[in-house]
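> Going down the list, the protein sequences come from chains A and B. For the first sequence, the tail end lands on 409 under our numbering, and the numbers increase by one without skipping. For the second sequence, the tail end lands on 249 under our numbering, and the numbers increase by one without skipping. Glycine is no exception: its CB is placed at the ideal position from the N, C-alpha and C atoms.
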Amino acid sequence: MAQLASKERVLRLFKREPIDTMPCFSGQGMVTVPAIQSLGIRFPEIHLTPENMAGSAKKSMDMFEFDSIVVPFDMCTIPEAFGLPISIYEDSEDILYPTIPQKWRSPEEIVMPHDYLQRGRMPVVDKALNLLRDGAGKDKAIGSWILGPFTLAGQIVELDVLMKMTLKARSRVESLLDKLTELIIDLGKHYYAEGADYLNLREMGTGSDLLSPRLFKTMILPRLQKVFHAWDFPTVLHICGSTDLIAEMMAESGADAISVDHKNTLAETRKKVGDKMLLFGDYNGFTLPKKAAQEEISSSIQGCIDAGVDAVWPGCDIWPDVNEQNLLTINRHIKELGRSPSPAVGRL
Amino acid sequence: MAKEKLREELLKQLSDNVVSFDEDKVAEAAERVVAEGLDAYDAIINGLAAGMEIVGDLYDKHEYFVPELLMCADALYAGLDILKPHIKEKEGKETLKGQVVLGTVQGDVHDIGKNLIKMMFEVGGFTVHDLGRDVPLEKFVEEQVRTDSEIVALSAMMTTTMMGMKKVVEMIKEKNPQVLIMLGGAPVTNDVAKLFGADGYAESAGNAVQEAIKMIGRLRELQKK
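Here it is as structure tokens:
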């Protein structure tokens, strides 16, 4: 049996075509401190130049035998391009992702410049995608991600304001979500054109520990469906937190795959969404790569596979300061234990 | 007797209108408590907090979610702002349960859970030292030492920021092992709380409220005895 190249393995998975073994990849951040250190740069620097962004992502893939490379790493690129100041924590030696200290207080204050793709670090992401596409991307799958409409709205408007408005000023929220949905559709197409092979829409602000399933159905799902209908390339919908109550609706979003975290009851979700839907999940991206004993890793990966996933994914960004042996073991176990067919994807 | 009936009626109004997140009606009932010379602390604990206890149950039953919690919190504050200045000195001494330092750790700007916890501590009569969000880790230690607070509550919404909490726990426990430390946020599990050496945890804004409600509930039970 011929071994597939990483990129082909990932892309065939999205097409539900038989593969040799389960790819180990993600649609969330998977940059690692060992990779960053080997490049002689500091954590805050990986967000600032195309070379550092692409370089640290590629190095992480190389060191830990991933099948894909994912950029960008932080959730502030779009808000920054809209004009909101961000904190990069340039002087910190800790692992601190960029944040937005002050957001707008109402949707009506938001400024969405037409040339936002030329602002802030948006060109950095584009160039990083280009570098990866023209380099490692020949053999490895390039992944990228965008926040979903509601989660992106919560990055630019204070979240408590936004949440309360879903009850008392819903039309204002809907109007904002419509604008962001259009922007996300265009940005996804743009990232695909710049080099991404697959896109993960991260709508993590809409799990049932935050919003009601009713609100998800009437306010969130229609926008997700619009995005995925417009995206003509491999796609994932990722929602972390409580997703048991909305798993079926996630599957109705039109995404090729859905991804959940460890708060989801995976086996039940598999039953709900059927065997044709690609299901990704759901190891803990902190405890398993950082703290778990080796035997715990094996049982955790096997648990995900037994529950019916088509790809074992971390439920969130992998905590960058990994135990190197742990992350290698995770990825090797995924490939070793993933040789049998999964519910939606056969084997060569 | 008439006064007791009035008390019960107003407590019910406070509780019901927190649940239905009607700020105006909560404020109206609170004003009447003050005007009738009723016990303000009683109204806070057995009216406002009792309402929030129902809200917590509704969250547990998946009938209420975070937007509803936030609206209920606004309604509660509408009453609390009116009633708090009227807690009598003697009652005040009885109700001062301690001090808590709270904040969202550096690198994290999500503060909904932190603000809900803050509200419940305020309802319970704690003196709250709110450091806000994106707080440098050393600041928690400095504030705990400065205020001699018994509790420090830390929040982080993302895996990528929760490691800061571990450092704070270590720094505080090193200086004062008696301080109780609560962790909150989506990535915080029982395992993580244990690993970090914390004394308690809540994994979501709703759970945080539930944990605080349990504390307030115990307080109410004690007061009935």
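DSSP three-state call for residue 280/A: helix, strand or coil?
DSSP places residue 280/A in helix when its eight states are reduced to three.
> Where in the region 68-134 of chain B do unbroken runs of the beta strand (DSSP E), each at least 3 residues long, occur, reported from the N-terminal end onward?
Correct list: 123-128.
> For chain A, check one thing: does any of its Cβ atoms lie closer than 8 Å to the Cβ of residue 158/B?
Chain A, which has a Cβ nearer than 8 Å to the Cβ of residue 158/B, makes this yes.
> Assuming residue 108/A is part of the alpha helix (DSSP H), what are its boundary residues?
That residue, residue 108/A, is in no alpha helix (DSSP H); it is neither H nor E in DSSP.
> Quick one: list the residues of chain B neighbouring residue 161/A, beta-carbon separation under 7 Å, in chain order.
Simply 133.
> From the DSSP output, in three-state form, read off residue 177/A for me.
Here residue 177/A sits in helix by DSSP.
> Quick one, which of 294/A, 140/A, 397/A and 364/A has its alpha-carbon nearest residue 73/A's?
Nearest of 294/A, 140/A, 397/A and 364/A to residue 73/A, Cα basis: 294/A.
> Residues of chain A with CB closer than 7 Å to the CB of residue 219/B, please, in chain order.
Result: 352.
> Rounded to whole angstroms, how far is the Cβ of residue 375/A from the Cβ of residue 94/A, which I believe are closer than 8 Å?
About 16 Å separates the two Cβ atoms, so there is no contact after all.
> Touch check for the region 111-123 of chain A and the region 156-170 of chain A: three-plus C-beta pairs under 8 Å?
In short, these stretches do not touch, since the Cβ pair count stays below three.
> In this structure, what does DSSP give as the bridge partners for residue 132/A?
In DSSP, residue 132/A forms no bridge with anything.
> Determine, using beta-carbon pairs with one atom in the region 29-48 of chain B and one in the region 381-395 of chain A, whether at least three such pairs fall under 8 Å.
Verdict: no, contact absent.
> Curious, which full-length alpha helix (DSSP H) runs of at least 4 residues does the region 258-323 of chain A contain?
Counting only runs of 4 or more, we get 282-291 and 308-312.
> Assign residue 92/A to one of three DSSP states: helix, strand, or coil.
Here residue 92/A sits in coil by DSSP.
> Tell me whether residue 218/B is buried or exposed, calling it buried when 16 or more other Cβ atoms sit within 10 Å of its Cβ.
Residue 218/B comes out exposed.
> Comparing the CB of residue 41/B with every heavy atom of the ligand MN, is any distance shorter than 7 Å?
You won't find the ligand MN in this model; it holds no ligand whatsoever.
> Does the region 141-152 of chain A touch the region 174-183 of chain B, meaning 3 or more C-beta pairs lie closer than 8 Å?
Verdict: no, contact absent.
> Over the uninterrupted alpha helix (DSSP H) stretch that includes residue 101/A, give me the two end residues.
Careful: residue 101/A lies outside any alpha helix (DSSP H) and carries neither H nor E.
> Enumerate in chain order the residues of its own chain whose CB-to-CB distance from residue 201/A is below 7 Å, with the five nearest sequence positions on each side excluded.
Taken in chain order, the residues that qualify are 67, 68, 122, 128, 129 and 130.
> For a test of the three-state rule: what should DSSP assign to residue 372/A, helix, strand or coil?
The answer is strand: DSSP assigns residue 372/A an E or B state.
> At the 8 Å Cβ level, is residue 155/A part of the contact set with chain B, yes or no?
By this cut-off, residue 155/A is an interface position.
> Using DSSP bridges, identify the partner residues of residue 206/B.
Answer is 177/B and 224/B.
> Buried or exposed: residue 87/B, going by 16 or more other Cβ atoms within 10 Å of its Cβ?
Classification of residue 87/B: exposed, given that the 10 Å Cβ count is below 16.
> Leaving out five residues before and five after residue 386/A in sequence, what residues of the same chain have Cβ atoms less than 7 Å from its Cβ?
Nothing meets the Cβ criterion.
> In the DSSP assignment, the alpha helix (DSSP H) including residue 491/A goes from what residue to what residue?
Because chain A is modelled from 62 through 409, residue 491/A falls outside the range shown and cannot be assessed.
> What three-state label does DSSP hand residue 142/A in the structure shown?
The answer is helix: DSSP assigns residue 142/A an H, G or I state.
> Name the residue from 91/A, 257/A, 154/A and 146/A whose alpha carbon lies nearest to the alpha carbon of residue 105/A.
Of 91/A, 257/A, 154/A and 146/A, the residue nearest in Cα terms is 154/A.
> Can you tell me which of the three DSSP states residue 42/B falls into?
Reduced to three states, the DSSP call for residue 42/B is helix.
> Check the Cβ-Cβ distances between residue 44/B and every residue of chain A, and say whether any is below 8 Å.
Not one chain A Cβ lies under 8 Å of residue 44/B.
> Please name the residue, chosen from 261/A, 310/A, 244/A and 212/A, that lies closest to residue 274/A on a Cα-to-Cα basis.
Out of 261/A, 310/A, 244/A and 212/A, 310/A has the C-alpha closest to the C-alpha of residue 274/A.
> Does any C-beta atom of chain A lie closer than 8 Å to the C-beta of residue 86/B?
Chain A, which has a Cβ nearer than 8 Å to the Cβ of residue 86/B, makes this yes.
> May I ask you to report which of helix, strand or coil DSSP gives residue 192/B?
Helix at residue 192/B.
> Does any residue of chain A bring its CB to less than 8 Å from the CB of residue 116/B?
Because the pLDDT at residue 116/B is just 48, under 50, the model does not fix this residue reliably, and the point stays unresolved.
> Kindly identify the DSSP beta-bridge partner or partners of residue 208/A.
DSSP output for residue 208/A lists 263/A as bridge partner(s).
> Anyone know if the C-beta pair for residue 143/B and residue 100/B falls short of 8 Å?
Yes; because the gap between Cβ atoms is below 8 Å, this pair is in contact.
> Grouping DSSP H, G and I as helix and E and B as strand, with all else coil, what is residue 165/B?
Residue state, collapsed to three classes: helix.
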